[in-house]
Every structure is written in C-alpha cells, then in structure tokens.
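Colleague: Residue numbers (my numbering), protein chains in the order written: chain A, 1 to 396; chain B, 1001 to 1396; chain C, 2001 to 2396; chain D, 3001 to 3396.
Dropping the structure in here first, questions after.
4 protein chains.
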Amino acid sequence: MNIAMLGSGFIGRFYADSLLGGRSRDKIVSVYSRRKESADKFASDYNVPFVTTTMEDAINRPDVDVVCVSLPNYLHEEAVMLCCKHKKAVMVTKPLGRNAEEAKRMLEAVEKAGVFNGYLEDLVYSPKFLKAIQSVKEGALGRILWAKSRETHPGPHSDWFWDIEKAGGGCILDLGCHCVEITRSYIGKDIRPIEVMCWADTQVKPIDAEDHAIALIKYENGAIGQFEVSWTFRGGLDLRDEVMGTEGTIWINNFLRTGFEMFTTGKGADYVAEKAESNTGWLFPVGDEVNDLGYNHMFNDMFSAMEQDRQPEETFYDGYVVNAILDAAYRSAKSKLWEPVKLDIWRGKTGITRESTLQEYDKDHYLVKEELTHYGAKKVILKNKKDGRIIEKILE
Amino acid sequence: MNIAMLGSGFIGRFYADSLLGGRSRDKIVSVYSRRKESADKFASDYNVPFVTTTMEDAINRPDVDVVCVSLPNYLHEEAVMLCCKHKKAVMVTKPLGRNAEEAKRMLEAVEKAGVFNGYLEDLVYSPKFLKAIQSVKEGALGRILWAKSRETHPGPHSDWFWDIEKAGGGCILDLGCHCVEITRSYIGKDIRPIEVMCWADTQVKPIDAEDHAIALIKYENGAIGQFEVSWTFRGGLDLRDEVMGTEGTIWINNFLRTGFEMFTTGKGADYVAEKAESNTGWLFPVGDEVNDLGYNHMFNDMFSAMEQDRQPEETFYDGYVVNAILDAAYRSAKSKLWEPVKLDIWRGKTGITRESTLQEYDKDHYLVKEELTHYGAKKVILKNKKDGRIIEKILE
Amino acid sequence: MNIAMLGSGFIGRFYADSLLGGRSRDKIVSVYSRRKESADKFASDYNVPFVTTTMEDAINRPDVDVVCVSLPNYLHEEAVMLCCKHKKAVMVTKPLGRNAEEAKRMLEAVEKAGVFNGYLEDLVYSPKFLKAIQSVKEGALGRILWAKSRETHPGPHSDWFWDIEKAGGGCILDLGCHCVEITRSYIGKDIRPIEVMCWADTQVKPIDAEDHAIALIKYENGAIGQFEVSWTFRGGLDLRDEVMGTEGTIWINNFLRTGFEMFTTGKGADYVAEKAESNTGWLFPVGDEVNDLGYNHMFNDMFSAMEQDRQPEETFYDGYVVNAILDAAYRSAKSKLWEPVKLDIWRGKTGITRESTLQEYDKDHYLVKEELTHYGAKKVILKNKKDGRIIEKILE
Amino acid sequence: MNIAMLGSGFIGRFYADSLLGGRSRDKIVSVYSRRKESADKFASDYNVPFVTTTMEDAINRPDVDVVCVSLPNYLHEEAVMLCCKHKKAVMVTKPLGRNAEEAKRMLEAVEKAGVFNGYLEDLVYSPKFLKAIQSVKEGALGRILWAKSRETHPGPHSDWFWDIEKAGGGCILDLGCHCVEITRSYIGKDIRPIEVMCWADTQVKPIDAEDHAIALIKYENGAIGQFEVSWTFRGGLDLRDEVMGTEGTIWINNFLRTGFEMFTTGKGADYVAEKAESNTGWLFPVGDEVNDLGYNHMFNDMFSAMEQDRQPEETFYDGYVVNAILDAAYRSAKSKLWEPVKLDIWRGKTGITRESTLQEYDKDHYLVKEELTHYGAKKVILKNKKDGRIIEKILE
C-alpha cells in the first residue's frame, strides 16, 4: 500500500513504526504537517519522498492508495472531506470526531463517496484483546454482565490535547474512546447502548477540560460498560480491562504488569525507560509496544480488508457510535443525570429483552446458590417459587 | 477478656478463630445461637462453658466483659439494646444496621448507656491497609483524588443474606459496607461525604435484592470514593483497593493474587482449597486468612482500647456514617440521581473548600505538565494566565 | 513466658516485636548485650527490667523461663552451654552453629541437660509456607521432585556478618540455612540428604567469604533441593520458593510481590520504605512483616510446645542437620565435587529406594504422555516394554 | 523470500504461521515431510505448490531462496549437507546438532560452501528479551553476575523427542539449548564459557533420556549462567529468565504470567486453551504467541540479513557453541564433575581477567556496604586495607 500520512507527531510516528516495521510491503509516499520542520524530520526518518504543509496536496496524488489521518481532533473532518473529494480510502485515528455530530458527517460523507473507511482504534486489535474476545465469543465467560476498561497516565505529550477547543474535550475524549470501544466489544457491538452516567472533574491540572472521569454505560440487554480515565495518574500508563460473565472472568493488563520487571540503580548508565515516570528503581517495560498495543494487527486488518474488498473490523460507523456514547457522558457529567445515547444511525439489534435470572431447581424452587461445605457436603440455597422464601438445604 | 458470642455461624467462627488464636489471653464464656445444635457445636469446638438460645442469657452474666455480635443484620439492634440494658461493652459485625436509622438508634443507645462500642470492620485493619494508610498519612501519595475498593465473589454462604428483609439489602449492604469504610479512610474520615450515585441490578440471581452494584461517593473536598460489589463474580474472592493521589498510587490485592500460587491436577489427593471455586488447576490460597483479613489487628485494637479506656479506631459512629452512605446508594439506585448523604450526626470537618489546581510556573503562566522528551530535552506545557492559551516550550 | 534475651541487635528486636506484639502474655525479663548502650536502648524500648553485659547474669535468674539467643553466630555455643549449666530452656536463632561440629556439641549438650531446645528458623513458620506444606502433605503435589528456595538481598546490616571468623561463612551460612530447611521440609524432613554440589564466589564485595552461591542437595529418594543465595542482589529482598511435584507446582513469593504495590514521586513527604533500596518510584511493601515472615507462628509453636511438654517443630536436631548440609556445600564449593552430607546423628528414614517411573498403559506398553490434540482427539505416547521403542497413537 | 520447508510438524507449522503471517512478502514454495499425508496437509493449510517426501527434491528447485530445516534433530546434518551441495541459504531449528561434533561439521560445511546460515533460536528474539538485552548493553544492570533461564513443561508433543537416539538427548537438548543461548547473550556472546556442572535425572517418565536437569555454566569473567529444564513440570509452560548485575535486576516471564488472566467454569462452551494443562479454572493465555516467542523478529532478522548481505544475529557458529556447552552438561551429569567446554572454534575474547571487587572508600579502607539506618543516619561497613578487619561507622 502507498500511504499518505497526515500529521507527523506522536501518533503519526507510532503508526509509521507499525506500517513500515519488519520487512513491510507498504510505504509512506507523502506526508503533511502543519509545521514544515516536523514534516521534514518525519520524511527524513521514514524515507518519505513528498513533503507538504498543504493537506490537500498530500492526499491528491496518483500514487496514494490510502490516507492515514493522524491529526489533532479538530482537523479530522477537514481531512476526511478532502479524502472524499479525491475518492481516497481513509483511516482516521481515534476519536473519530470531537462529537457525534462531526462523526456522523464524516460517516455519511465516506459512505456517500463510496470510499473505504477505517477507524484506527488500536486497542481492540491488541493481541491480548483479540484472544480474549475470541474466548468470549466461544462462550467461555457465559453471558457478559460487566466490562470495564481503564486508561490512566500522567497526561498527553502535545499542547493541543490540553486545549478544549482543539481537542473537543479532555481525558474522556482522549482515553474514553478506547475504553468505550473495548467494553462495547466485549458486551457485543450489536447490542445497543442506552444511557450513560458519568462523573468528571478537573482535579489537578489548570485546564478547562476534565482530567479525571468515570462512567457507566447501560446496554439494552442489561450489561454494563464502565470506563475509568485520567490524566492525573502517577506511575506510568495504566491500561487494564476487566470482564465479568456468568461463567467466567477476564483480567488483562496491557502495560505496567506484563511479565517484564527491571530494577536499576541508574548508576550503570543514563538509561531512560520509555513512558515511565522514572528511570531508576523498579521499572516495567513493555516488550514490543507497537505490536502489544495492537497497531500491527490493526493495519493488517485495514489493508487486508482493502485488498479483499471487505469492511475492516472497525469503521467510521464504530467511531460514530463511540462519539455518541462519549457525548452522553459529557452531558451526564454536567446534568448529573443518566443521559440517553442518541443514535440516529443504529445498525445493530433492537428490542432485546433481558435474560431471565430464574434457574429451575425443582418444581417448587429456583436455585440461588450451590456450594460445597467444609464438611464435604453439598449445600443448596433455594427460593420458593410461590412465596419467594429463601431456604438452605444440605444434600447428601 | 471474657467474651459473650452472639451467633455461631460463618462470621462468628472466623471471629473465634482470631479471638482464641495463638496463645490468647481471651476466652469466650458464653454463646448464643437461634439454633441449639449450632450453639452446641460452636461451644464444643471453641470450648465455651455456657450455651443458650436466649440472647439475653448469653449477655447478662457477671463474667462477661464484652459482647461480640455476630448475628444476621436484622438482629443487631435487639442485641445492642440488650447490651445497653446490661451495661455491657459491645462490638458489632458489619454492617452496623440495615439502614442509617437503625444504626443511629444503636449509636445513640450505646452513647447514652455509656458502654464501650466497637464496629467490627476488619478490612480497615488488614496489615496491608494499615501500612498503606500510614503511607498516605505521611504524604507519600500527596492529595488523595480517588479511592476505590472492590469486593466481589460468587455469593454468601447463609440463607438469610439472600432474604432482603433479614439482610436489609443485597451485595451493597453485605460488601459495600467494607468498601465504603476503606475508601472513606483513604480520603480522610473527617471529610464529609456529600452525595452518591449508584447503579445496582439483579443480573443473575433469582432474588429481590441487588447482586451487582457500582457507586461513586463524592466528598466535600472533591475526592471520589468508589465501590464495586457483586455476588456474581466467578473465580473466587476478589478483594482489591486502588488509590490515586497527586503524588502517587496504591494497589492492594488482599486475596486472589498475594504471592502464593499452586497448581494441582487433583490426582494426588482430595485437596479442597478454601473459598476457591475449584480445587484443581491454578489455585491462589491466602497464607493466614485470619491475620491477612484484619481480624487479629481489629480485636487487638478493640481490647487494647477497652484496657486503655479509649475509643477504638472504629466505633458505632463509623458504622452509622457507613450506613448513611449506603442508604444514599440505595436511594440513588432507584431514583437514578445523585442522592445526598443524610447525616444528622457529623463529627468531622465542615465547610472544606477544594484546593486550587493552579500551579505557578512564572509570572505569566501556570504549569500544565513537564516531561523529558526522547531527545533528553525538558519540555513544559504552560497555560497563559490571562488568555488561557496552552503552549509548549522546550527548555535546554 | 518470661524470656531472657541475649543480643539486642537487628534480629533481637525483630523477635521482641513478635514476642511482645498484640496483647501478649509474655515478657522479656532480662537482656544481655556486649555493648551497654545497645542493651539499655533495648531495655528502654521493650520495657525490660534487668540489663547486663554479662551473659550468664541474664540467663541465671529465677524468673527466666526460657532464653532466646539472638547473638552473632560465634557466640551461640557459649550461650547454649550456659543455658545447659543453669537448666534453662533455650531457643537459638539461625544458623544453629557455624558448622555441624558446633551444632552437634550444642545438640548433645541440651539433650544431656534435658532442657527444652528450639531452633528459630522462622521461614518454615511463615503463613504461606504453613499452608503450602499442608497441601503437600495432603498430596496435592504428588511426589516431590524438586524444591528450591531463593533468598537474596544487597547484604546484611551488621559488621560481624561480613567477618568470616565471627560469622563462620558468608551468604551460604546467613541465608542458605533458611533455604535448606525450607526445601528439606517440602521434600520430607525424614528423607536423608545424601550429597551436595555447590558453586560459591565472591563476585562483588571486598570480603573473604562468599557473596553469591548456588547449590543442589540430593536426597535419598532422588528428590533435589536447591538454594540460591546472595548478598549482591539489587532491588530489595527477594524471597521465593518453588516446588515441583508429579501432580502439581507451588510458587511462593514472600516479599517483593505480595499484592501490595505503591508508586510515589517522593515529593509528598520524606517517606522511607522499609528494606527497600529506594524510597521513590514503584515500591513493594509487605503488610505485616513480623507475621508474614513467620515469627509469630514460630514463637507460638515454641511456647505451646513448652506448655504442652512436647518438642517444637524445629529443634536443635534440625539445626544440626542444616549445618551438616551447609558444611557439605562449603566443602563442595572448594573441591568442586559432589560432597557427602556427614550426619553422625540421623533420626529419619534410611534405605529408601526410588519410586519406579514406569506407568503401565497396557500389557505391552508403558505410558509416556497423554494429551489432547488441537483436533480434540486424545493422543498417547507409549514405550514398548520389550524393545523400548517409542510410538505415538491417536485414540478416538 | 521463497522458502523450502523441511518438516511439517509442530515447529514447522509455528514457523509457517510466522513466515506467512500478516500480509507477508514471503512464501513457502516447497515442503518435504517423511510422511506424505503430513506434507499434504501442510501444503493445503499453507498453500504450498510443491510437495515431496524426498528431501533433496524440496531443496533443489530454482525458485527456492532459502531452506528452513524444521526436522527432528537426527536429520539436521543430512539436510544441511544437501543445502551446501545445492548452494542454498539455510536456517536450522534448535538445537543445531545432537552434539558439538555434528554442529561443527555443519558449521564447517556451510562456511566452506559459502552459503548463508541462520540458527533459529527464537527466544533470543522475543520482544521482552530484545528490550532487556538492550538495557543490559546500555549498562542499566552494571556488570552481569548471573543469568538464569528456566524452561519447563509437561513434555513435548511428538514421539521422536522421547527417543534418545533420534533426539540426541532429553530435556537438556530440547530446552537447554534455549536457556544456554539466552543466558550466554546476557553475559556476553564474546565471553568464553569455561566449564559446566550439571545434575540430570529421569525422575518421572519411563524413558532413557533425562526428564529434569539443572546446570551451572562458568564464564571466563566469573559470571555464571544457569539453566533449569524439565519435562515433568505441571501447570503449563514455565518460561522465565532472571538476571543479576551489580547495578540491577531483570525478571522476565514469557508465558504463564504475562498480564492475561481468565477464569472459566467451562460450562459456557467447549473452550480449550492452548498449551494449558486444563481448560477450566484460572487460565493464563499468551496474547500473540508467534510474536511473543520471538518468531517474527527472528525471521525478520534472518531475511533482512540475507537482503543486506550480512550475518544474522544467530548463526551456525552460535548453534555450535550451544552444542559444545550442552555436551559438557551431559558429560558432567555422568561424571559428577565440572566438565570443561571444548571449543575447537572460538571467535570471542580470550584471556579475560576478572574485575576486582575492591571498592575504594578512603586511603585506609575499602567500602563493603553503605545504607540508611532507620534513624535516617548513613552507615558504612568498611574493610581495613591492611589487616582486613571489618568495621561499622555511622556518618552524620
């Protein structure tokens, strides 16, 4: 694939490391940045032949197969519209829009233009997530009751993130978009999110946007999604998921505790660990960040989809649903109410009813719980079907 | 100490194991149970001379120094009133009441009667908690922003827990009481809890009470407490705390991951692990449950307090505050609103204002973030004091 | 119990914290130290009425029930002989002697004098070990094949440890004694240790004794014990055991990873973590060191044994066996050969033969391995009884 | 690259998954297997156009750029000689030979033939190892003192592994080859291995080869390598490295504890976890096995090396050194002596002397240890340069 890269900052470089890693078949043929020196540096580091500070010029080139939008949030829509104009396949970094309105316009534009569209949500492509979701789909956890994703760290690298106008929000938009798509995937992407309760606050940073937020997302089948996001966490990047089902549990730690532990006095060398808050004492590096955070599997899906003329796992539609959920979170943080998720476009199931919780025990009772006592006897706790009374019964 | 034990079930036995452990100076001199055979078994196991099915008879004995109430929730008030009548020191298992009204009556009764009162909340006496809270008090974490406690397992052992009338509620009351007191302690027991938002549902069990709930508790200084409780968790007893402060983080795992891991095929023997959901495969036992869950340090504080004629760390007042918070959680779960915590009695600070988040950088700017770049240069993100604009600046 | 404490240094204070912890029934009635100011400080901290710099005076007092020897290794024998002379029960810190010769003289002396003798090996009383050994005895791991114990840290606190004459050796004697008794217990204290292979070196410290050593200990039944000890480890105190059996595995982490994790920038306060090599960054405190390292359960066994007129779990005989194994390790480190364990006194089993490894499959074959293939079929690997040929067979 | 694959079993399929993963540029153009049906299945699964049961026919094809030898150990030499005959680049799975003699013949053959040769030791290409070795090279751990690698599991999948003639040995050869190259890399591949002490036994399986072994490898600079290997481990695949340096520590867990934990009752579905010993209870999957075990980075290095006309990180020379160390281990297991590593060919440093352990403190003393006391004072332990006496000194 020949790629036009829009943006040459932190995420653009991460993408390039993945896109050009190993003995890649792909190359970046043009790069756009608002700042010439940043674009030049990127071009030099990644061997890109064409450099421009005019966005359209990077896109509108015959050799470009696909455009990768790695720009600040407030520039996504402009970039997408240009791709539509020039009929270029387009992939956009997360979040898709600053809000659902923007996202919806982008979704409608790419579908109208008939161009390939991919939503670059890497964390539902991380190897651990991929294996976990497969287990969930095979039923290892039974019915999913709750899925939480947590992403917290000491704050983003670039100035625009901290500017509520350019970013569209604070840590909810920056980190919550990951968490929403992760938990929505565990619960089922075809299950409709109904309403959101969110607490958000600016506890530490001198900014207008929130630097800490927690939300609950209720789905039509009664399952609950949850996110915990913050720019005030101390200790590195905390990236964990937890899922509860009727038959099992999943705990995933993507970053700070992955089986790699190092202690260093710092005397030996000027060693600086990536993303850590310190470079001495106990450090917890990640082996292969680009692979472990999902970038490789994500671009593999994107390009395979293009080659096979199918949709990737994550499209603008998914980005739009995520934005709609985040919008509800923002409204809730202000209104202090459970706010409905407004989805003008919904392509999943509708009218799902909740599963019954009644488990038959015998003709008069439901089963509440069954356990082994210390004495090795089996004990059941039962509920009388008629009068609702709870009793214990020891079985032989 | 000579102890009258009211209740001979699961928690009474746990308490007895702690009270009589090692080469204890203390003894249980009377035991009451609703069921004679249970009282007899307890008396035989723990060498108790006096057995009765009349509560008052267990209490009203000259040799009894202190009464330990290990009864189902709906019997706490009756037991406490009898202790007041007979001027006996009294310790009550958690939660103190089924609601704040009951708790308040008990609090007022013991204070009026002038009897020693202890609230048996073991988890703020666990060794890990004690060391963590000391670090927090010494300032290792800076200002506390958020404290979460999670307690989930596959459901309680006895029938009465599942009966909403006898228990007063479901997992919120059973498990949330622990979590509330843990998180309140990290945030500061003198900081007033203001309001609560709670989601609760009966997702799995055929019962009237909730089997899964999540709540946020807002404190007057802007800190947030959180609990996650469930009777539907699969995999054992999940008992974890997480605390975020401006200068640090604490993660405590009290049960399933404590540095003890065992794999067994189960062929070797009929080995049965305590509290585990399975007895083959990977198991995660706890070394010294009675000590690690805080029972030893709790009774040590209770009895030392009695001997030194001081209050223990946890009194009925704490139990009352916990009940008031849980009441607000129950109201919120129904109303779907943030519900105020109603505290007729409040003995902590009042009128606390939130700390400013503005960190001076120079006369024109506040500091947003400071970090080392890959290149070893120091970068600051600043906010203009006048126009609020965010800028990046690379320092030499 | 009324205790005479000999020694007022690091380990004496640890013992005192355990002996007098909680609402203890016991007290320290006399303390001896070589240095007056150290004895005085100890007496003041632990409320000890009698202080002396004459060892015999601390022992030979009518109110002393038991003597606790917390002295440097080269003073153990002198102390024990004085206890024998005055017919006092005696408990000695690890290692019992500087070598098996010393240990044997002490063993013979206490047995001849008929006094109670306890070997203060706390790590076979740690709560995790106690639960693990119970599982092993119940058969959860099948036949034990290998047991390793590792204790490494950045070096001991007091000068005498580093003096080979006073200590009798380096980290082998200081730390290996723990590891030997732990692994010997897993394999079975009645199984005879046969021979030892040991590597030892002085890799870092400017001392005569070894600062790093690894050894294998072969037992009569074919099981292997292993120790890894060092005074050159960076990162804190690494204290781990691993056990392999035919039916299971045990992994115990006693110190650096026990479910308590804290990050601190160090800005909040002058927080200093115990035993850690740093006081900022990620720290891993232990909840209740005195309990978790086994001191409480150890003294409880010692005093219960005295009260019940039985032997404690660890006696001078065990200390002697440990010293004999360590002697063989020292000889092996020099000779580079497997050195026999010389045990003039052996009270366990003798003439044990190894269990056969042949597992019958059918009349012509032994079973090598059985597994499920990807395809869900069962596959066996078999060995022909006659010609020894190995074959694969897929079963339906 | 066009690859000829020799062998279609477990490891061949793992290699193919890596070679053809993602949107690979490479393809397998021929496959050889001793069994036609296995070759056919492989060809069908991986879309290979040419299938043969004649080894030479798979190699000697014009479109073959490189031959990948994934055969049982006893067939490596034959395959390599055919590659030399036809001047084909060749990569051989681990271990290179059944012994150093075989390995040396292969090394000399490929060098004489002038063909590219790669040694497929994936575990020194695992992402965690690559990051760890970089830190070590940058000095984060100071001087390396000890490096251990452990690989244990319940036994290999195919019959030939269990046949000492075909395999050349048991778990030492099968698993020890990994561990030797890992630890040798940490210590420095240019540091000469001098001698080996090894214990090996057949503790469980009815086979002629060893099923459990532990060895120490002494290097010329005094560093110690260690391996622990077994086919008798219960609980899955245990794959861990530990490294100690004068300034730091590294702990890597490659398999059973990587931040992915799942509990399942097994009721939900017929879920079967890969490589686990059970499919219910707590399971610990690995996210992306092919990447996490190093296959991707290994083949990337191999093919990049071919394209850039340089040597890969691991060549037949490395395979030969590993075999020479393992030979010494086998001799030692029999002789019970430290056995010299016989290296006719050695291309690293020679005549290295050990670093002095003396650390200057002042003109009269060496520094033994420096620490902070509880009281906040700094304490040093010093050794007198003349008389060797050890003293303590408290600094203000």
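Glycine included, C-beta positions come from ideal geometry on N, C-alpha and C.
Hey, would you say residue 3087 (chain D) sits closer than 8 angstroms to residue 3115 (chain D), going by beta carbons?
Modeller: yes
Colleague: Residues of chain D with CB closer than 9 angstroms to the CB of residue 2191 (chain C), please, in chain order.
Modeller: Neighbours of residue 2191 (chain C) on chain D: none; closest Cβ ~14 angstroms, over 9 angstroms.
Colleague: Taking the beta carbon of residue 377 (chain A) as the centre, do at least 16 other beta carbons fall within 10 Å, making it buried, or is it exposed?
Modeller: A residue is called buried once 16 or more other Cβ atoms fall within 10 Å of its Cβ, and residue 377 (chain A), having fewer, is exposed.
Colleague: Relative to the C-alpha of residue 2165 (chain C), which candidate in C:2191, C:2188, C:2282 and C:2209 has its C-alpha closest?
Modeller: C:2209
Colleague: Is residue 89 (chain A) helix, strand or coil when you go by DSSP?
Modeller: strand
Colleague: Among B:1324, B:1107 and B:1309, which has the Cα closest to the Cα of residue 1340 (chain B)?
Modeller: B:1324
Colleague: Kindly give me the distance between the Cβ atoms of residue 3030 (chain D) and residue 3064 (chain D), rounded to whole angstroms, as I take these residues to be in contact under 8 angstroms.
Modeller: Going by Cβ atoms, the distance from residue 3030 (chain D) to residue 3064 (chain D) rounds to 6 angstroms, so yes, they are a contact pair.
Colleague: Suppose contacts are defined by Cβ-Cβ distances below 8 angstroms. Is residue 1941 (chain C) in contact with residue 1288 (chain B) by that definition?
Modeller: Given a span of 2001 to 2396 for chain C in the structure shown, any question on residue 1941 (chain C) remains unanswerable.
Colleague: Start and end of the alpha helix (DSSP H) containing residue 2421 (chain C)?
Modeller: The first residue shown for chain C is 2001 and the last is 2396, placing residue 2421 (chain C) beyond what the model contains.
Colleague: Please name the residue or residues paired with residue 1390 (chain B) in a DSSP beta bridge.
Modeller: B:1383
Colleague: Secondary structure at residue 2019 (chain C), three-state DSSP: helix, strand or coil?
Modeller: helix
Colleague: Comparing the C-beta of residue 2140 (chain C) with each C-beta of chain B, is any distance below 8 angstroms?
Modeller: yes
Colleague: Using a Cβ cut-off of 8 angstroms (strictly closer), state whether residue 1978 (chain C) contacts chain D.
Modeller: Chain C is shown only over 2001 to 2396; residue 1978 (chain C) falls outside these bounds and no answer can be derived.
Colleague: Taking 8 angstroms as the threshold (beta carbon to beta carbon), is residue 1091 (chain B) in contact with chain C?
Modeller: no
Colleague: Please tell me whether residue 1265 (chain B) has its Cβ less than 8 angstroms away from any Cβ of chain D.
Modeller: yes
Colleague: Spatial neighbours of residue 1997 (chain C) within its chain, please: CB distance less than 6 angstroms, with the 5 preceding and 5 following residues excluded, ordered by chain position.
Modeller: Residue 1997 (chain C) lies beyond the range of chain C shown here (2001 to 2396); nothing can be said about it.
Colleague: Run through chain D and tell me which residues come within less than 7 angstroms of residue 288 (chain A), C-beta to C-beta.
Modeller: 3127 and 3291
Colleague: Would you say residue 3001 (chain D) reaches chain C, if we count a Cβ-Cβ gap shorter than 8 angstroms as a contact?
Modeller: no
Colleague: What residues match up with residue 2219 (chain C) in a beta bridge as DSSP calls it?
Modeller: C:2193
Colleague: For chain C, is any of its Cβ atoms less than 8 angstroms away from the one on residue 3041 (chain D)?
Modeller: no
Colleague: Locate the beta strand (DSSP E) running through residue 2150 (chain C), then write down its first and last residues.
Modeller: 2144-2152
Colleague: According to DSSP, is residue 1352 (chain B) helix, strand or coil?
Modeller: coil
Colleague: Looking at the C-beta of residue 1282 (chain B), does it have a partner C-beta in chain A at a distance below 8 angstroms?
Modeller: No, its Cβ sits nowhere closer than 8 angstroms to a Cβ of chain A.
Colleague: Are the Cβ atoms of residue 348 (chain A) and residue 190 (chain A) separated by less than 8 angstroms?
Modeller: yes
Colleague: Just the chain D side, please: which residues come within less than 9 angstroms of residue 1234 (chain B) by C-beta, in chain order?
Modeller: Under the 9 angstroms cutoff, chain D gives 3263, 3264 and 3265.
Colleague: I'd like the ranges of any alpha helix (DSSP H) spanning at least 4 consecutive residues and lying wholly in the region 20-95 of chain A.
Modeller: 36-46, 55-59 and 76-85
Colleague: Determine the DSSP secondary structure at residue 2203 (chain C), reduced to helix, strand or coil.
Modeller: coil
Colleague: Compute the Euclidean distance between the alpha carbons of residue 360 (chain A) and residue 192 (chain A), then round it to the nearest angstrom.
Modeller: 29 angstroms
Colleague: Give a yes or no on whether the minimum CB-CB distance between residue 2135 (chain C) and chain A is below 8 angstroms.
Modeller: no
Colleague: Where residue 3280 (chain D) and residue 292 (chain A) are concerned, what is the direct C-alpha to C-alpha distance, given to the nearest angstrom?
Modeller: Rounded to whole angstroms, the gap between the alpha carbons of residue 3280 (chain D) and residue 292 (chain A) is 26 angstroms.
Colleague: Roughly how many whole angstroms lie between the Cα atoms of residue 58 (chain A) and residue 18 (chain A)?
Modeller: Cα to Cα, residue 58 (chain A) sits roughly 20 angstroms from residue 18 (chain A).
Colleague: List the DSSP bridge partners of residue 212 (chain A).
Modeller: A:201 and A:230
Colleague: Determine, for residue 3394 (chain D), whether the minimum Cβ-Cβ distance to residues of chain B falls below 8 angstroms.
Modeller: no
Colleague: Ignore the nearest five residues each way along the sequence and tell me which others in residue 2183 (chain C)'s own chain have a CB closer than 6 angstroms to its CB.
Modeller: The answer, listed in chain order, is 2147, 2149 and 2225.
Colleague: Which residues mark the beginning and the end of the beta strand (DSSP E) in which residue 3292 (chain D) is found?
Modeller: DSSP places residue 3292 (chain D) in no beta strand (DSSP E) but in the uninterrupted alpha helix (DSSP H) bounded by 3289-3292.
Colleague: Counting Cβ pairs closer than 8 angstroms, one from the region 2128-2146 of chain C and one from the region 2095-2111 of chain C, do we hit at least three?
Modeller: no
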